[in-house]
Amino acid sequence: MERHLRRFSDFIINHKVHVLVLMLAITVFFIYMGTKLTVNNDHDTWLPQHNEVARLLRQADRDFSSNVMLFAVIEFKDGVFTPESLALMDRITRELEGIDELFNVTSITNIIDIKKTQDGIEVGDLIPEAPASPADIDKLRDYVLSKETYVDTIVSSDEKYTAIMTNIESTEDEVLVAERIFKIVDRLAEGHTRYYGGDPSVNYYLNYYMVEDLKTLLPMGVVVVMLVIFFGMRRISGVVLPMSIVFFAILWTFGLMAIFRYPVNILSPAVIVLLIALGTDYAVHYYNHHLKRGDPTTSTTEISIPVTMSALTTIVSLLTFATTRIEVFKNFGIELAFGLAVAWILSIVLMAVFVSLFKVKPSRHLEQDDVQTRFTRLTDTFGAWVHDHAKVMLVMVGIFTVGMAFGVPAIKTNVDFIGQLPEDSPPREGCNILQDHFSGMYPFNLYVRSDVENPAIMNRMQYLENCMRSEESASSFTSINALIAQENWLLNGVYAIPETPGGVANLWFMLEGHDILKTFVTDDRKKGLVNSIVNKSDTEEMRFLADRFDTIMAERVSGDVLTIDPAVLTDEGRGALDVMRVRDAAMQLAWLAGYYDRTGAFSERDFVARLTAGVAALPGSVDMAPVWGELRGYLEKETVEELPEPLVAGIMGKLQERWDSRGGQEASRELIDMIGASGVMAEEDARSTVAGLLNRAESSFRLQKAASLALALGDLVTPTLSANENFTKRAGGVLWELFSPRPVFFGRQVQGIPGIEGAVIGRSEVLIDQAGMPPTVRLVHGLLINSQIQSLFLAISAVLIIVALTYRSLRRGITSMMTVFVPLVCILGFMGLIHIPLDIGTVLCGSLIVGLGIDGSVHFLYYYNRLHLGGIPKKRALQMTMGHVGRAVCTANGTTFCGFLVCLQSDVTAVKNFATLNSIAILLVTLSVMTLLPALVTVLHLDKADDLEDAKPLSTWARFTRRRASAEPVSTPSEEKKKRAAGGM
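Quick note on the working numbering: the sequence shown kicks off at 60 and runs consecutively.
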């Protein structure tokens, strides 16, 4: 090995000019490639490509642009409802609608509005023209504030803020489109305070702060690291040469990133700063060793192995992130590994070229350096104390480590993407406004794939929307089923989905042409969203919401929706179905009651009891007067021909007489004959009139049964609920569905009912999954934990194997790992104790600590082994090792520490947390190398060849080190001083 290394060193030095030219040529190539770098801070693209949850999220985004919502909030000090404010909102809306890349634009002026008119209903924009008169404005204000669809969605309840919601086409660059939106809103609303929120806003400002970090951290990192190296090396060349290596490494890294299509992201500034700090370590160790040896060939030959070992262990630790499923972590590990690999190679090759080319001289008079003398005296004294009190040191370290370990279980995760930005950043301020004055900014959706136009499918979508209302943090619901139900409410007085395809089609037709439909139903009507907004960003809240809905869907939702004919069932089956129908209605009522009255506690059991009693009291409890009145009105005003009063009275009398058998053919025939006998209309018209009359009778009677059942709820309907029009209409719709002749359920809900398969008259396949922020947060939370555990396990295993094989000693490998394991446990405990979360920054710390920490122990054991095999007593060898290696370790780790301190100046929270933990960790690692490792060496007697080494042939490197060390005689005290002066021992 020595022969090959020496030949390699001689070749490099003898061809130094050619090598330098080659390195410069490669650098120019990488500079050119670096111009092709791209930027990506879209957290959706960081998710695994083949994960089912991530796939669904991306599919929903492609179908509806649901995850690229940008909110622009404008504050009007004089209120939203003024002619000037409304005119401004109209101008902004129209200009934004001119952006082709926008999927949808919704504001107070153009949001869909469904109104009841004399002729039926009208669907249009909320404010087609801005009102000018105070009376019209007051009327508009009262109307808007009375609609839950608008309040806290497009206008705040205090009337000071209004929001514009835009959906960016998922195929477009959302950052560029967001910038255009910002410019338009800022220009038109220049005199008003503006806020922005939503993922595109977050991604835009992540890019902005990333660039700002590069502008700030890069020069700061260079200056700080140069100062630290100069303080340690005390030579200008000791600063310039390592920094030159890092300069080349950074350029090569950017070029490699472009070649392999790795984009610049939120963690890239940290990669560059760490590359400056860590990349100098190898060059510092080389330079430090050259000051001792003086000869470039000898220096390169001897330092190549320990530098290679320390580089490989760090690189392997970073490459463990390649196994993680979060793209940004994988890129971080690989990018930094790229850079350190380049720094390692260049530290051996270019440092040999530089010290030879510039004829760097070894140290001959360092004994005159007071700082170095003080450091040596300190390490001599401390090394002797550690040797003499090794067991005490181990006990102290053990107690401290165990104490810190108690903090590990307290570690929490944080997947708040917007929380990565500064508190005074526009997205953070916008998020606060959206949470305080609106419904929030994070989407939570149910993604439905089926024939959305099918009444049965739409019925269950309505059921799930009611379920979503049971979640306290969810609001601002929008869906096609809600619009259809609202139309039905205005036309027919029931807030429910029509039970026939024709009924749905007629109402859907009136919605055609409105862009907002594209946000929750596809053009082919095969996919739909039930939309809501969540006003909390806490990771635990998001996870709870996602888990809760998984539980609900596992219990109630299945892949088929069934339409049932109860008449086909046996008495037992009908009884079981009736119980299920009551439970289904009771659960929906409990959800709605909890949503509209947050102060109350509502249980399904209470509603089941009241509904069961109410149904049992029917039909005697039904007020029939409204039914008779509506039927009389039908006969008087809606028939083909005008009916004389005596005939109307006769028909009404007959209908009341035959009410219980009204659905039979005999009753129908009698009514037809009565009309026919009067001669008012022909047989066919009479038949049509009676059919319409009986249909109207069933519809009106069903509504009155629902109204009677609503009264049976009694005090379960609190004063708050009874005064709330929205609860009244939605609850009425639920009760109306309870009396459906063809009830609809998910297959799972009725699977236990006897004979249910024979009663199925309609079956529709459906797929329903969660989409939006809660499942995204839950996914990232799980990936964070898995990434931490997986990368730590792989890093520790890989580094242990490398070190143990190199030393041919498991004991030495474990000893090296202990110097890393103790700081690792301490830093994880520190996270839990002071509540630093596991996030996209801190998850990187564990494996990085393993890679960084092993560096010092490798150099320590390497040099100690050389001295011991040279015959120097163990105590003296320990002191000399701490003097020589300690200087390099403190200098190298000092640069790393300062690099992390520089990262503390970042604007990004994840980078700050990352820097905080790692700066503390590198101090702990340094202390571990200077205290724990010498104590372990002493107690474990690593100065003696262990059994494993005695039993097996020495490795090539071991033979090399033994030959090298044996050539050096045992030093006298005066010779040791000269050696120390020459090499910094």
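C-beta: ideal position from N, C-alpha, C; glycine also. Just so we're clear, the structure is a prediction, and the values are computed from it rather than from any experiment.
Item checked: Distance between beta carbons of Cys885 and Thr460, contact taken as under 8 Å -> Mapped onto the sequence shown, residue 460 falls at position 401. Mapped onto the sequence shown, residue 885 falls at position 826. Cβ atoms of Thr460 and Cys885 come within 8 Å of each other, at about 6 Å.
Check: Is Leu286 helix, strand or coil by DSSP?
Finding: The residue given as residue 286 occupies position 227 in the sequence shown. When DSSP states are grouped into helix, strand and coil, Leu286 belongs to the helix group.
Notebook entry, point to check: Quick one: what does DSSP say Ala741 is sitting in, helix, strand or coil?
Noted result: As a first step, residue 741 is located in the sequence shown; it is residue number 682 there, counting from the start. In this structure, Ala741 counts as coil in the three-state DSSP scheme.
Notebook entry, point to check: What are the boundary residues of the beta strand (DSSP E) that Ile623 is part of?
Noted result: By one-based count along the sequence shown, residue 623 stands at place 564. Note, Ile623: beta strand (DSSP E), 619-623.
Next item on the list: Between the Cα of Val641 and those of Ser662, Tyr654, Glu631, Phe666, spot the shortest distance and give me the residue it belongs to.
Entry: Along the sequence shown, one-based indexing puts residue 641 at 582. The candidate whose alpha carbon is nearest that of Val641 is Phe666.
Checklist line | Spatial distance of Ser747 from Thr698 (CA atoms) | finding: Here residue 747 is taken as the residue at index 688 of the sequence shown, counted from 1. Here residue 698 is taken as the residue at index 639 of the sequence shown, counted from 1. About 9 Å.
Item checked: C-beta contact flag for Leu566 and Pro557 at 8 Å -> As a working note, residue 566 is residue 507 in the sequence shown. As a working note, residue 557 is residue 498 in the sequence shown. A contact, by the Cβ cut-off of 8 Å.
Notebook entry, point to check: Just the Cα atoms here: how many angstroms apart are Leu1007 and Gln108?
Noted result: Working through the sequence shown from its first residue, we reach residue 1007 at position 948. Working through the sequence shown from its first residue, we reach residue 108 at position 49. Because the pLDDT at Leu1007 is just 37, under 50, the model does not fix this residue reliably, and the point stays unresolved.
Item checked: Rounded straight-line distance, which links the Cα of Thr383 to that of Leu853 -> Walking along the sequence shown from the start, residue 853 turns up at place 794. Walking along the sequence shown from the start, residue 383 turns up at place 324. Distance between Leu853 and Thr383, taken at the CA atoms: about 11 Å.
Check: Which residues in the same chain as Ala644 place their Cβ atom closer than 8 Å to its Cβ, once the five residues preceding and following it in sequence are excluded?
Finding: On the sequence shown, position 585 is the one that residue 644 refers to. In its chain, beyond the 5 residues on either side, Phe666, Leu670, Val793, Leu794, Glu796, Leu797 have a beta carbon closer than 8 Å to the beta carbon of Ala644.
Notebook entry, point to check: If you follow the beta strand (DSSP E) that Arg508 is part of, which residue opens it and which one closes it?
Noted result: Within the sequence shown, the letter at position 449 stands for residue 508. If you look at Arg508, you'll find it in the beta strand (DSSP E) that goes 501-508.
Next item on the list: Give the DSSP-derived three-state secondary structure of Ile133 in the structure shown.
Entry: Within the sequence shown, numbered from 1, the residue matching residue 133 stands at position 74. Residue state, collapsed to three classes: strand.
Next item on the list: Would you mind giving the Cβ-Cβ distance between Ala237 and Tyr263, rounded to the nearest angstrom? I have them listed as a contact below 8 Å.
Entry: The count along the sequence shown starts at 1 and reaches residue 237 at position 178. The count along the sequence shown starts at 1 and reaches residue 263 at position 204. With a Cβ gap of about 5 Å, Ala237 and Tyr263 count as contacting.
Next item on the list: Can you tell me the Cβ-Cβ gap for Arg615 and Asp510, rounded? I've got them flagged as a contact below 8 Å.
Entry: Position 556 of the sequence shown, counted from the first residue, corresponds to residue 615. Position 451 of the sequence shown, counted from the first residue, corresponds to residue 510. So it is not a contact: roughly 20 Å between Cβ atoms.
Item checked: Candidates Lys206, Ile981, Leu928: closest to Asp914 by CA position -> On the sequence shown, residue 914 is found 855 positions in, with the first residue counted as 1. Comparing Cα positions, the closest option is Ile981.
Next item on the list: Give the straight-line distance between the Cα atoms of Phe503 and Ser591, rounded to the nearest whole angstrom.
Entry: Numbered from its first residue, the sequence shown carries residue 503 at position 444. Numbered from its first residue, the sequence shown carries residue 591 at position 532. Each residue's alpha carbon lies about 5 Å from the other.
Checklist line | beta strand (DSSP E) segments (min. 3 residues) lying fully within the stretch 222-292 | finding: Listed in chain order, the complete beta strand (DSSP E) runs (minimum 3 residues) inside the stretch 222-292 are 253-256.
Note to self: Tell me which residues share the same chain as Val430 and place their Cβ nearer than 6 Å to its Cβ, disregarding the 5 neighbours each side in the sequence.
What the structure shows: If you number the sequence shown from 1, residue 430 lands on position 371. Unreliable placement is indicated for Val430, whose pLDDT of 44 sits below 50; no coordinate value is reported for it.
Margin query: Quick test of your reading: Gly618 and Val825, contact by CB under 8 Å. State the CB separation rounded to the nearest angstrom.
Written below: By 1-based counting over the sequence shown, the position of residue 618 is 559. By 1-based counting over the sequence shown, the position of residue 825 is 766. Yes, they are in contact, since the Cβ atoms of Gly618 and Val825 sit about 6 Å apart, within 8 Å.
Next item on the list: Give every residue of the same chain whose Cβ lies closer than 6 Å to the Cβ of Asn100, excluding the five residues on either side of it in the sequence, and list them in chain order.
Entry: Position 41 of the sequence shown, counting from 1, holds the residue named residue 100. Its chain contains Asn262, Leu265, Asn266, Asn324, Ile325 as the residues whose beta carbon lies nearer than 6 Å to that of Asn100, once the 5 sequence neighbours on both sides are disregarded; these appear in chain order.
Next item on the list: Please go through the stretch 817-897 and give each complete beta strand (DSSP E) segment of 3 or more residues, from N-terminal end onward.
Entry: Counting only unbroken stretches of 3 or more residues, the beta strand (DSSP E) elements lying wholly within the stretch 817-897 are 819-824, 826-831, in sequence order.
Note to self: Let me check understanding here. Comparing Cα to Cα, which of Glu188, Ile173, Pro187 lies closest to Thr208?
What the structure shows: As a first step, residue 208 must be located in the sequence shown, where it is residue number 149. Of Glu188, Ile173, Pro187, the residue nearest in Cα terms is Ile173.
Notebook entry, point to check: What separation, rounded to the nearest whole angstrom, lies between the Cα atoms of Ile827 and Leu963?
Noted result: Looking up residue 827 in the sequence shown gives position 768. Looking up residue 963 in the sequence shown gives position 904. If you take the alpha carbons of Ile827 and Leu963, they lie about 44 Å apart.
Check: Three-state secondary structure (DSSP) at Ala533?
Finding: As a working mapping, residue 533 is identified with position 474 in the sequence shown. Here Ala533 sits in strand by DSSP.
Next item on the list: Give me the Cα-Cα distance between Pro355 and Val78, rounded to the nearest whole angstrom.
Entry: Against the sequence shown, residue 355 aligns to sequence position 296. Against the sequence shown, residue 78 aligns to sequence position 19. Rounded to the nearest whole angstrom, the CA to CA distance from Pro355 to Val78 is 15 Å.
Item checked: Neighbourhood of Met876 by C-beta distance below 6 Å, restricted to the same chain and skipping five residues each side -> Sequence index remark: in the sequence shown, residue 876 carries index 817 (1-based). Once the five neighbours on either side are set aside, the close Cβ partners of Met876 are Leu859.
Note to self: What would DSSP say about Thr165, mapped onto helix, strand or coil?
What the structure shows: Counted from its first residue, the sequence shown places residue 165 at position 106. When DSSP states are grouped into helix, strand and coil, Thr165 belongs to the strand group.
Note to self: Let me make sure I understand the geometry here. Which of Ala951, Ser978, Asp966 has the alpha-carbon closest to that of Phe959?
What the structure shows: Translated into the one-based positions of the sequence shown, residue 959 becomes position 900. Looking at the Cα atoms, Ser978 is the closest of the given residues.
Next item on the list: Identify whether Lys175 lies in helix, strand or coil by the three-state DSSP scheme.
Entry: Mapped onto the sequence shown, residue 175 falls at position 116. Here DSSP, grouped into helix, strand and coil, assigns Lys175 to strand.
Notebook entry, point to check: Going by alpha carbons, who is nearest to Ser965 out of Tyr268, Asp149, Arg721, Pro259?
Noted result: Along the sequence shown, one-based indexing puts residue 965 at 906. Among Tyr268, Asp149, Arg721, Pro259, the Cα nearest to that of Ser965 belongs to Tyr268.
Check: Can at least three beta-carbon pairs, one atom from the stretch 375-393 and one from the stretch 285-305, be found at a separation below 8 Å?
Finding: No, they do not touch.
Item checked: Where Ile848 falls, given that 16 or more other Cβ within 10 Å makes a residue buried -> If you number the sequence shown from 1, residue 848 lands on position 789. The residue is exposed, with fewer than 16 neighbouring Cβ atoms inside 10 Å.
Next item on the list: Write down every uninterrupted run of the beta strand (DSSP E) in the stretch 589-658 whose length is 3 residues or greater and which is fully enclosed by it, in chain order.
Entry: Counting only runs of 3 or more, we get 619-623.
Next item on the list: Would you check if there are 3 or more beta carbon pairs closer than 8 Å linking the stretch 593-607 to the stretch 837-848?
Entry: These segments touch.
Notebook entry, point to check: Pick from Ser767, Gly297, Ala84: whose alpha carbon is nearest that of Pro678?
Noted result: Counted from its first residue, the sequence shown places residue 678 at position 619. Residue nearest to Pro678 within the set Ser767, Gly297, Ala84 is Ser767 (criterion: CA-CA distance).
Notebook entry, point to check: Excluding the five sequence neighbours on either side, which residues of its own chain have a C-beta within less than 7 Å of the C-beta of Ser1014, listed in chain order?
Noted result: Stepping through the sequence shown from its first residue, residue 1014 is reached at position 955. Residue confidence is low: Ser1014 scores 43 on pLDDT, short of 50, so the model does not pin down where it sits. Its coordinate-derived value is still stated next. Correct list, in chain order: Arg867.
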